[in-house]
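What the sequence shown shows, in full-length UniProt numbering, is residues 1 to 365, in sequence order.
Glycine residues also receive a C-beta, built at the ideal position from the N, C-alpha and C atoms.
Given the structure is predicted, the values throughout are model-derived calculations rather than measurements.
Please read the structure below before turning to the comments.
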Amino acid sequence: MPVKIILCYIGWLVLAVALCCQIGPLTQYASGSKPYSRLFIRETYKGLDDEKSVRIIFLGDSSVYGPRGSHTPNLLKKALSRMAPNSDIVISEWAFPSAQMYHYYCMLHRAIGFSPDLVVIPINWNSLGLYWKGAFKENFPELCALAPLSDDFPPDMVNPIRYRGISRARQLLYKFEIYSLYPIGLRSLARDALKFAFPRSAQQEKKRNVTEADDRCDGGSRSRNRIFLERAYPMHILETNEICLFIRTISHMGSRHRTRVLFYISPINHENLSQLEYFDREAFDASKKIIMKQTEGLHIYCIDLSEILTDEEFLDVVLHYCIDGRTKIADRLAVKTMEILSENDIRRREDSARDVVNHDTCPTI
């Protein structure tokens, strides 16, 4: 028995070292069941240690997805490159399907460690509703492993991890459980290699279609019924809404660590919703003000993009957008990003880059 215990201990130690080394290919194979596995792949953090670059970390869910190269973060980089052509801009995409504000809070702890120039966080309106709260509340609680066991919060704020009912003891267990990404990836790799991989489920196929399908701007959002929309897109939002509480905590955290955070309220299909009987314009506008109020703080910003898209620019009702929609979002984010970082901050890096070029090209005497 002692020999088995020792062997198990050695096995877990090897897995821990493997994860710390961030063995990309094997960890990435865990993405089928653990889509957040990209957070443990070294390639995800490429360029974030270059202090001469403008470094932006873009958190998100599948709403930022599109065919390869046209994710919203990629489009944002293209827009910023047009505005500041001499700047070296690094945008690291930390997005995975079903991510919510709870996950963004956990991920922000890791993001702060890179001292980025900006962290971008979407506020998806459907995450405020009862439907998605019930559907995804239990998704990936183990991401709390990225956060410290204890954190100081003012009395009027909540710790998202404790709010979800996760104790410190359970959080500590999650810090060990997160190492299971390595064997999960190894198992998936073996299945593919032996051609025993299970066929995609309907849900996995749907997610694949969102990321790989052609951008057909056909306004598919009208396919859902009224009851679903009422539960997924509520009009009356209170400050006690779970997502609002988490936003406020994230804002406090960003201010305390002097990390610039840009929230944006993601576009919803207001053309479609406004035709429904339950739509309340006054309540909708009041709710947006309540949401934006939670983002108050030093270095914290928020822009409202909820009504910038037309019906034809939505792929479906679940806040997935065609290429035109994602481009509009990226362009608006680029303008706000330039304002936040300020032109002087961008120019300082450009001047620094020119100085290096001039120094390398000037003849020595």
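Worksheet item: In chain order, what residues of the same chain lie with their CB nearer than 8 Å to the CB of aspartate 117, ignoring the 5 residues before and after it?
Response: Residue numbering aside, residue 117 sits at position 117 when the sequence shown is read from its first letter. Correct list, in chain order: Val54, Arg55, Ile56, Arg260, Leu341 and Asp345.
Discussion item. Rounded to the nearest angstrom, what separates glycine 60 and aspartate 304 at their Cα positions?
Written reply: The count along the sequence shown starts at 1 and reaches residue 60 at position 60. The count along the sequence shown starts at 1 and reaches residue 304 at position 304. Their backbone Cα atoms lie some 16 Å apart in a straight line.
Worksheet item: What residue range is occupied by the uninterrupted beta strand (DSSP E) comprising proline 97?
Response: Counting from one through the sequence shown, the residue named residue 97 turns up at place 97. Unbroken run through proline 97: none, as it is neither H nor E.
Discussion item. Would proline 141 and isoleucine 166 be called neighbours here (beta carbons separated by less than 8 Å)?
Written reply: Position 141 of the sequence shown, counted from the start, is the residue given in the question as residue 141. Position 166 of the sequence shown, counted from the start, is the residue given in the question as residue 166. Going by C-beta atoms, proline 141 is nearer than 8 Å to isoleucine 166.
Discussion item. Are the CB atoms of valine 119 and leucine 128 within a distance shorter than 8 Å?
Written reply: By one-based count along the sequence shown, residue 128 stands at place 128. By one-based count along the sequence shown, residue 119 stands at place 119. Cβ distance not < 8 Å, so leucine 128 and valine 119 don't count as in contact.
Worksheet item: DSSP three-state call for leucine 298: helix, strand or coil?
Response: Here the question's residue 298 lines up with position 298 in the sequence shown. Reduced to three states, the DSSP call for leucine 298 is coil.
Fill in: For leucine 276 and arginine 162, the rounded distance between their alpha carbons
To locate residue 162, count along the sequence shown from 1; it is residue 162. To locate residue 276, count along the sequence shown from 1; it is residue 276. So the alpha carbons of these two residues sit roughly 37 Å apart.
Practice prompt. Compare the Cα-Cα distances from alanine 79 to each of Thr337, Lys336, Asp331 and Glu339 and report the closest residue.
Written response: Position 79 of the sequence shown holds residue 79. Considering only alpha carbons, the answer is Asp331.
Worksheet entry | histidine 236 classed as buried or exposed, judged by whether at least 16 other C-beta atoms fall within 10 angstroms | What you label residue 236 is simply residue 236 of the sequence shown in a count that begins at 1. It counts as exposed.
Worksheet item: So, do the segment 250-260 and the segment 166-177 have three or more beta carbon pairs nearer to each other than 8 Å?
Response: no
Practice prompt. Just tell me which of Ala95, Ser62 and Ile121 has its CA closest to the CA of isoleucine 243.
Written response: Residue numbering aside, residue 243 sits at position 243 when the sequence shown is read from its first letter. Cα-wise, what sits closest to isoleucine 243 is Ile121.
Worksheet item: Is the CB-CB distance between glycine 297 and serine 251 below 8 Å?
Response: Counting from 1 along the sequence shown, the entry for residue 297 is found at position 297. Counting from 1 along the sequence shown, the entry for residue 251 is found at position 251. Their beta carbons are under 8 Å apart, which means glycine 297 touches serine 251 by this criterion.
Worksheet entry | Assigned secondary structure, leucine 186 (DSSP; H/G/I helix, E/B strand, else coil) | The count along the sequence shown starts at 1 and reaches residue 186 at position 186. At leucine 186, the pLDDT of 46 sits below 50, so the modelled position is not reliable; the number obtained from the coordinates is stated separately. In this structure, leucine 186 counts as helix in the three-state DSSP scheme.
Worksheet entry | Enclosing alpha helix (DSSP H) for residue 427 [first to last residue] | No answer is possible for residue 427: the residues shown for the chain start at 1 and end at 365.
Worksheet item: Is glycine 66 helix, strand or coil when you go by DSSP?
Response: Residue numbering aside, residue 66 sits at position 66 when the sequence shown is read from its first letter. Three-state DSSP puts glycine 66 in coil, outside helix and strand.
Worksheet item: Do you know offhand how far tryptophan 125's Cα is from methionine 101's?
Response: Taking the sequence shown and counting its residues from 1, one reaches residue 125 at position 125. Taking the sequence shown and counting its residues from 1, one reaches residue 101 at position 101. For tryptophan 125 and methionine 101, the distance between alpha carbons rounds to 11 Å.
Fill in: Whole-number beta carbon distance between isoleucine 123 and phenylalanine 263, since they are thought to touch under 8 Å
For this step, residue 263 is matched to residue 263 along the sequence shown. For this step, residue 123 is matched to residue 123 along the sequence shown. The pair is a contact, with the Cβ atoms about 6 Å apart (cut-off 8 Å).
Fill in: Minimum C-alpha distance to leucine 273 - residue among Cys106, Val90, Tyr301 and Leu319
The residue labelled residue 273 in the question sits at position 273 within the sequence shown. Among Cys106, Val90, Tyr301 and Leu319, the Cα nearest to that of leucine 273 belongs to Leu319.
Worksheet item: With a CB to CB cut of under 7 Å and the five nearest residues on each side skipped, what residues in its chain are close to cysteine 21?
Response: Walking along the sequence shown from the start, residue 21 turns up at place 21. Reliability of the predicted coordinates at cysteine 21 is poor, the pLDDT of 48 falling under 50, and no value is obtained from them.
Worksheet item: With 16 as the cutoff for other CB atoms within 10 Å, does glycine 69 come out buried or exposed?
Response: Position 69 of the sequence shown holds residue 69. Glycine 69 should be labelled exposed.
Fill in: Simplified DSSP assignment, three categories, for leucine 333
As a first step, residue 333 is located in the sequence shown; it is residue number 333 there, counting from the start. Helix at leucine 333.
Worksheet item: Among residues of its own chain, excluding the 5 on either side of leucine 173, which ones have a beta-carbon nearer than 6 Å to its beta-carbon?
Response: The residue given as residue 173 occupies position 173 in the sequence shown. Counting only Cβ-Cβ distances below 6 Å, and skipping sequence neighbours, we find nothing.
Discussion item. Looking only at its chain, what residues have a beta carbon closer than 7 Å to the beta carbon of serine 287, apart from the 5 residues adjacent to it on each side?
Written reply: In the sequence shown, residue 287 corresponds to position 287, counting from 1. Only Met235, His236 and Ile237 meet the Cβ criterion.
Practice prompt. Measure the alpha-carbon distance for arginine 164 versus alanine 232 and round it to whole angstroms.
Written response: Here residue 164 corresponds to residue number 164 of the sequence shown, with the count starting at 1. Here residue 232 corresponds to residue number 232 of the sequence shown, with the count starting at 1. Between arginine 164 and alanine 232, the C-alpha separation is close to 20 Å.
Worksheet item: Less than 8 Å separating the beta-carbons of proline 73 and isoleucine 91?
Response: Position 73 of the sequence shown, counted from the start, is the residue given in the question as residue 73. Position 91 of the sequence shown, counted from the start, is the residue given in the question as residue 91. A Cβ-Cβ contact shorter than 8 Å links proline 73 with isoleucine 91.
Item to complete: Under 6 Å Cβ to Cβ from arginine 38, same chain only, skipping five residues before and after it: list those, please.
Response: Numbered from 1 along the sequence shown, position 38 holds the residue referred to as residue 38. Thr44, listed in sequence order.
Discussion item. On the DSSP bridge list, what partners appear for valine 120?
Written reply: Locating residue 120 in the sequence shown gives position 120, counting from the first residue. The partner list for valine 120 (beta bridge, DSSP) reads Phe58 and Leu262.
Discussion item. On the DSSP bridge list, what partners appear for isoleucine 243?
Written reply: Numbered from its first residue, the sequence shown carries residue 243 at position 243. Answer by DSSP bridge pairing: none, since isoleucine 243 is not bridged.
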